[in-house]
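J.: Read top to bottom, the protein sequences are chains A and B.
All residue numbers for the first sequence refer to the working numbering, where the first residue is 1 and numbers rise by one.
All residue numbers for the second sequence refer to the working numbering, where the first residue is 1001 and numbers rise by one.
The structure under discussion is supplied below as structure tokens; questions concerning it will follow.
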Amino acid sequence: ETGVTQTPRHLVMGMTNKKSLKCEQHLGHNAMYWYKQSAKKPLELMFVYNFKEQTENNSVPSRFSPECPNSSHLFLHLHTLQPEDSALYLCASSQVGQNTEAFFGQGTRLTVV
Amino acid sequence: DQQVKQNSPSLSVQEGRISILNCDYTNSMFDYFLWYKKYPAEGPTFLISISSIKDKNEDGRFTVFLNKSAKHLSLHIVPSQPGDSAVYFCAALRSSNTGKLIFGQGTTLQVKP
């Protein structure tokens, strides 16, 4: 079983739809993250959850709503998205307090039509 | 303001030769640096890291050099192999700051047989 699992791998949604992205980590880490990767841009940090508490919201529009019910699961709820929100959404986890790398899931390729 | 920059969007190298990928940062508070490798449609995978107390870290064919006074780091791959062809992201971290990684734009490496 991989360390960080994201579902679905691909998602096509209309601008009026509501959908959720799911992330699960099996590494016992205490922090989880959502990143967005658009074409030709660096990975952009969206949200940070540290011990289930949201510690950072990087000026993300309210049409993206994260949820972290426990330290192993992270969701990103999507509603009334725009076509420019089409991107690869990556979940990651790490052990904060140690100099260790973040582990990434394979991402969800989102297309908003 | 982009705190981590990879100014070369692409690099092409012949198999067996050295690949050198460069990264610059602006925030002197960063104390841990990482390189990630990413294939299309997959999440980034960790490659190698270096703490700010060191100036070199080596792992097999991969070596990362850190020049703190110049706020510059580089990744050397030698010898380069066609399987190394991917996008390479440099990332920086303030270990006291919730573990969030700040990424560069990435450099696409192509290793030609």
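All C-beta atoms, glycine included, are put in the ideal place defined by N, C-alpha and C.
Small disclaimer: the values here were computed from a predicted structure and weren't measured.
1. Please state whether DSSP places residue 69/A in a helix, a strand or coil.
2. Ordered along the chain, which non-local residues of its own chain (more than five positions away) have a Cβ less than 6 Å from that of residue 55/A?
3. Which of the three DSSP states, helix, strand or coil, is assigned to residue 1058/B?
4. Taking 9 Å as the threshold (C-beta atoms), are residue 1035/B and residue 1004/B in contact?
5. Distance cutoff 9 Å, beta carbons only. Does residue 1105/B sit that close to anything in chain A?
6. Quick one: Cα of residue 71/A to Cα of residue 1113/B, how far?
7. For a contact meaning CB atoms closer than 7 Å, what does residue 72/A contact in chain B?
8. For residue 1023/B versus residue 1083/B, is the C-beta distance shorter than 9 Å?
9. Who are the near neighbours of residue 89/A in its chain, counting only those whose CB is closer than 7 Å to its CB and skipping five residues on each side?
10. Whole beta strand (DSSP E) runs in the segment 1016 to 1046 of chain B with 3 or more residues, listed along the chain?
11. Between the segment 57 to 64 of chain A and the segment 1012 to 1030 of chain B, do three or more beta carbon pairs fall short of 8 Å?
12. As a quick exercise: from 1045/B, 1071/B, 1080/B, pick the residue whose alpha carbon is nearest that of residue 1060/B.
13. If we cut at 9 Å on Cβ distances, does residue 8/A have a partner in chain B?
14. Let me know the secondary structure DSSP gives residue 56/A once reduced to three states.
T.: Reading from the atomic positions:
1. Strand at residue 69/A.
2. Around residue 55/A: 48.
3. Note: residue 1058/B maps to strand in three-state DSSP.
4. Not in contact: residue 1004/B and residue 1035/B (Cβ atoms no closer than 9 Å).
5. Residue 1105/B counts as touching chain A.
6. Looking at the two C-alpha atoms, the distance is approximately 44 Å.
7. Close to residue 72/A, with beta-carbon spacing below 7 Å, lies no residue of chain B; the smallest spacing is near 16 Å.
8. No, they are not a contact pair.
9. Answer for residue 89/A: 21, 34, 36, 76, 107, 108, 110, listed in chain order.
10. Positions of the beta strand (DSSP E) runs, each at least 3 residues long and wholly inside the segment 1016 to 1046 of chain B, are given as 1019 to 1025, 1032 to 1038 in order along the chain.
11. Three or more Cβ pairs closer than 8 Å define a contact, and the segment 57 to 64 of chain A falls short of that threshold against the segment 1012 to 1030 of chain B.
12. Closest by alpha carbon: 1080/B.
13. So, not an interface residue.
14. In this structure, DSSP gives residue 56/A an extended state, which the three-state scheme calls strand.
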